[in-house]
Amino acid sequence: MNPVLELQKIHKEFPGIVANDQIDLTLNRGEIHTILGENGAGKSTLMNIISGLYIPDSGSMFLEGKPLHLKNPAQAIAKGVGMVHQHFMLIPNHSVSENIILGTPQAFRLQKSKVRQQIEELGRRYGLEFNPDLRVQDLSVGEQQKVEILKVLFRGAKILILDEPTAVLTPQESEALYKILRQMKKDGQSILFISHKMREVIELSDRITVLRHGKVKATRNRGETSPSELARLMMGESTIQTGEVQTKTSKASSDQSQNKTIVRLKNAGLRHELGHWLLQNINLEVRAGQIVGLAGVAGSGQAPLAEVLVGLRGLDTGEYQFAGEEQKGASVSELIHKGVGYIPEDRKRYGIAPHLEVAENFLLRDLHNNRFQSRGWLQRDKVTAFGRDRMRAFDVRAASERTPIGQLSGGNMQKVILARETSRPLKFLLAAQPVRGLDIHATAFLQNQLLQARADGLAILLISEDLEELLLMSDYLYVISRGSIVGEMPKEEAEIEKIGLLMTGERA
Amino acid sequence: MTTPEILTIILTTAVTMGTPLLFATLGGVLSERAGVIHLGMEGIMLVSALVTFVVDLQTGSKVLALIGAMMAAGALSGLHGFVCISLRGNQIASGLALALFGTGLSGLFGDALIGSTVTSLDRIPIPGLELIPILGSAFFNQDWMVYLSYVLVAGLWFMLFHTNWGLQIRSVGEAPIVCDALGLSVAKIRFLCVIFGGMLIGLGGAYFPMVLTSFWVDDLTAGRGWIAVALVIFAFWHPGKALWGAYLFGAAIAFQLQAQVMGLKIPSYILEMFPYLLTIVVLTVVTVRNRRAGQTFMPAALGLPFFRGDKH
């Protein structure tokens, strides 16, 4: 064993959340070490610490046995730690060679032919060949990633960190990347690989470390583990912590199959503007008085599906029926009028207007009706009274109803959004990641409100990447992967392992 | 007059009238390549014209006058840099404020200068080259500031596209986040470009008392700073194209002056409008053509203050 990088008791907290909890990790020379974990498990925080973007609260790092203190990414680069970000750090308008040499010591007058030669030589060694004079914007995503890798190698990196590198690649491009990484490994490079794709992790890694809730759950050597064990380590045992959620009080009526279908997608398909499919063959049903969960890793098609359901996008194929009526070309406001509510995933960007008062945020859904206006004049007293009432009912903690909502905590913000959506005649609520990032009390409060709404007959589609939350809340589950529904089951038949494998693209 | 004679006069005047535009456009190109919009050109040109005039009157030294003008322009641009880079203020607002401030300042102190005169720079023919028919006397029988502008065009072009500095400057204007992650100081590079760019704009202002008018009038630059703002865009942020753009507008001004001299029956107000009308037409054509081609030459981060992306 020849450790290149050692982490000891790395600890990092953000307000209200422990992102990394006493993490120990060793990276050996010439190994590919994968960090596996769900979203929010603390992978990115850890990588950002290693690449100098974050400074840990406590703990120490050693590079080739010597203590490593990083204050910024530039220092990490200088020490030989190179990061290939998920979102490429390239300048589209500049050539490949300009991107690669930027920030490295160069002669005052750029020696373009010399630089080209260096890049081609380095590229040949690892199979990363392309014309250094091309502009980055003319390259495919896979090629851009190769430029990123070359950029890191050009700086003499000893450690290469790749953050979900295959998330944006086609299967063929991924294969090419594995080949490059194996070649680099042979050459003595050490690679930290971040992923949540089971198959590639098992195929590629020499060692796998599983993170969960900011802690190291286990480290396994190549060949000593199985996809199902990793899935269990990653997502947790299927022990459902009831916490403060009063599941019993809101027990749904036993036979929901008799309930009216509110939302139905039939063979729904949606294309990206560039032509490829975002969604394909989606068949999905949500009944009144039912919470339907949609499981899937981030970016599997949840966002476009949500946009279809609330009317932001129209389907290219198939049908969207709402309360029995076809909704071809229905606008957002028509669907609002028909009783669609929406808790968007990115609540700060799409859920609120941060500089407006809490009370004003309550009426964002009612701007095109007369609920709070009379002959075009806003009725301030009505707005204030309504705001005060809703704040009390939903336990929103803010200085007053006139406080700008941007100053509230995430939990209180989310309560305002939920209150706004449910305080009007509603048939269907789309809740995307409603409790992500919230503390335990706000989480329990919101989950109870959703269960209560279900008991009152609301149809709810719950989109989440947290399987425990889905199993706790849902009556019926769908699993989405690469834009298609790959599995569905009633809650009674749902097992965390099976869903986990479906989510990661494996066949159960 | 024969046609070649008229052509020579128009071309010579085009170069003379285009030179202050060229200096200012080069300054704008440098500043905007690094990502900072410079709308304050008119104000900076007026103040540096004023400083040139005063220093020339007091010392009689053209070189000292030019140094003074560049220092004043650099200082004003430094102020713009402070607002836009350090405080991350709105670049448009800061630029407009600077333009108005400079105009007011030059008006205030310029009043006392009305009635004084300074000498203009002599023409220095370049042996051999000046004998080229028509073009020779237009381009190579000029004052030394014109020759300085040629050197600056070539120098700025070389610096931007063939040196490591240039790569860093262009990168900061395209993607400051990338530069920051690679350990470059975005603020330092932008400051240097704004200040040196401002000094070049100052040369444009200085050219008025140095060559164009030997006496002080209020609003000496007469809106040429605004034409330079447009020229930066027209030139696609490229020093070489700035040269042709500046002379094209110089020719428009020359044509207007010549038409007045020749007594064409067009109202003088319309003739005076001509260069500014041309600005609008050219900008529209250039923008539409670029949009059709799906191409933009504008630095991607132009006008955007840089914040280090702390996520939490």
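Listed in order, the protein sequences are those of chains S and W. The first sequence runs contiguously to residue 509 in my numbering. The second sequence runs contiguously to residue 449 in my numbering. Cβ coordinates follow ideal geometry from the N, Cα and C atoms, glycine included. Note that the structure is predicted; figures quoted are calculated from it, not measured.
Residue j beta carbon less than 8 Å from that of residue i
i: residue 463/S; j: residue 419/S; result: no
i: residue 451/S; j: residue 292/S; result: yes
i: residue 190/W; j: residue 250/W; result: yes
i: residue 460/S; j: residue 272/S; result: no
i: residue 436/S; j: residue 470/S; result: yes
i: residue 310/W; j: residue 436/W; result: yes
i: residue 85/S; j: residue 153/S; result: yes
i: residue 213/S; j: residue 231/S; result: no
i: residue 396/W; j: residue 158/W; result: no
i: residue 345/S; j: residue 405/S; result: no
i: residue 360/S; j: residue 388/S; result: yes
i: residue 501/S; j: residue 302/S; result: no
i: residue 335/W; j: residue 365/W; result: no
i: residue 416/W; j: residue 367/W; result: yes
i: residue 323/W; j: residue 257/W; result: no
i: residue 260/W; j: residue 278/W; result: yes
i: residue 265/S; j: residue 286/S; result: yes
i: residue 293/W; j: residue 203/W; result: no
i: residue 151/S; j: residue 192/S; result: no
i: residue 255/W; j: residue 377/W; result: no
i: residue 182/S; j: residue 205/S; result: yes
i: residue 320/S; j: residue 327/S; result: yes
i: residue 232/W; j: residue 266/W; result: no
i: residue 235/W; j: residue 217/W; result: yes
i: residue 386/S; j: residue 392/S; result: no
i: residue 312/W; j: residue 163/W; result: no
i: residue 128/S; j: residue 186/S; result: no
Counted within 10 angstroms of its Cβ, other Cβ atoms place residue i as buried (16 or more) or exposed
i: residue 343/S; result: buried
i: residue 72/S; result: exposed
i: residue 317/W; result: buried
i: residue 92/W; result: Limits of chain W in this structure are 138 at one end and 449 at the other, which puts residue 92/W out of reach.
i: residue 244/S; result: In this predicted model, residue 244/S has a pLDDT of only 41, less than 50, meaning its place in the structure is not dependable; the value taken from the coordinates is given anyway. Classification for residue 244/S: exposed.
i: residue 49/S; result: buried
i: residue 103/S; result: buried
i: residue 44/S; result: buried
i: residue 491/S; result: exposed
i: residue 274/W; result: buried
i: residue 401/W; result: exposed
i: residue 479/S; result: buried
i: residue 240/S; result: Note that residue 240/S scores a pLDDT of 35, beneath 50, so its modelled location is shaky; the value from the coordinates is reported in the next line. Exposed: under 16 other Cβ atoms inside 10 Å.
i: residue 352/W; result: exposed
i: residue 226/S; result: buried
i: residue 142/W; result: exposed
i: residue 409/S; result: buried
i: residue 206/W; result: buried
i: residue 390/W; result: buried
i: residue 363/S; result: buried
i: residue 248/W; result: exposed
i: residue 424/W; result: exposed
Whole-angstrom C-beta distance between residue j and residue i, which should lie under 8 Å
i: residue 277/S; j: residue 39/S; result: The pair is not a contact, with the Cβ atoms about 26 Å apart (cut-off 8 Å).
i: residue 305/W; j: residue 440/W; result: Not really, about 19 Å apart at Cβ, beyond 8 Å.
i: residue 165/W; j: residue 338/W; result: 7 Å
i: residue 425/S; j: residue 290/S; result: In fact, because the Cβ distance is near 18 Å, the residues do not count as touching under 8 Å.
i: residue 261/S; j: residue 284/S; result: With a Cβ gap of about 18 Å, residue 261/S and residue 284/S do not count as contacting.
i: residue 294/S; j: residue 504/S; result: The pair is not a contact, with the Cβ atoms about 12 Å apart (cut-off 8 Å).
i: residue 269/S; j: residue 280/S; result: 6 Å
Residue i: CB within 7 Å of a non-hydrogen atom of the ligand GTP
i: residue 87/S; result: By its list of ligands, the structure shown contains no ligand whatsoever, and the ligand GTP lies outside what it can speak to.
Three-pair Cβ contact test at 8 Å for the segment 413-433 of chain W versus the segment 184-197 of chain W: At 8 Å Cβ cutoff, the stretches do not touch.
Tell me, please, whether the segment 120-133 of chain S touches the segment 347-359 of chain W by the rule of three or more beta-carbon pairs shorter than 8 Å. no
Check whether the segment 210-224 of chain W touches the segment 195-202 of chain W, counting contact only when three or more Cβ pairs, one atom from each stretch, lie closer than 8 Å. no
Using 8 Å as the threshold, is the segment 54-69 of chain S in touch with the segment 4-24 of chain S, meaning 3 or more CB pairs across them? Counting Cβ pairs under 8 Å, three or more are found: they touch.
With a cut-off of 8 Å, do at least 3 Cβ pairs link the segment 290-306 of chain W to the segment 99-114 of chain S? yes
Three or more beta-carbon pairs under 8 Å between the segment 76-91 of chain S and the segment 159-169 of chain S, yes or no? yes
For the segment 198-209 of chain S and the segment 10-17 of chain S, state whether three or more C-beta atom pairs, one from each stretch, are separated by less than 8 Å. Counting C-beta pairs closer than 8 Å gives fewer than three between the segment 198-209 of chain S and the segment 10-17 of chain S, which falls short of the contact rule.
Which runs of the alpha helix (DSSP H), 4 residues or longer, sit entirely within the segment 251-330 of chain S? 303-311
Taking one C-beta from the segment 150-164 of chain W and one from the segment 375-393 of chain W each time, how about it: are there three or more such pairs within less than 8 Å? yes
Give a yes or no on contact between the segment 373-382 of chain S and the segment 398-414 of chain S, applying the rule of three or more CB pairs nearer than 8 Å. Because the criterion of three Cβ pairs below 8 Å is not met, the segment 373-382 of chain S and the segment 398-414 of chain S do not touch.
Please go through the segment 378-407 of chain S and give each complete beta strand (DSSP E) segment of 3 or more residues, from N-terminal end onward. Qualifying beta strand (DSSP E) stretches: none in this window.
Jot down the residue ranges of each uninterrupted alpha helix (DSSP H) in the segment 165-195 of chain S, minimum 4 residues, whole runs only, in chain order. 172-187
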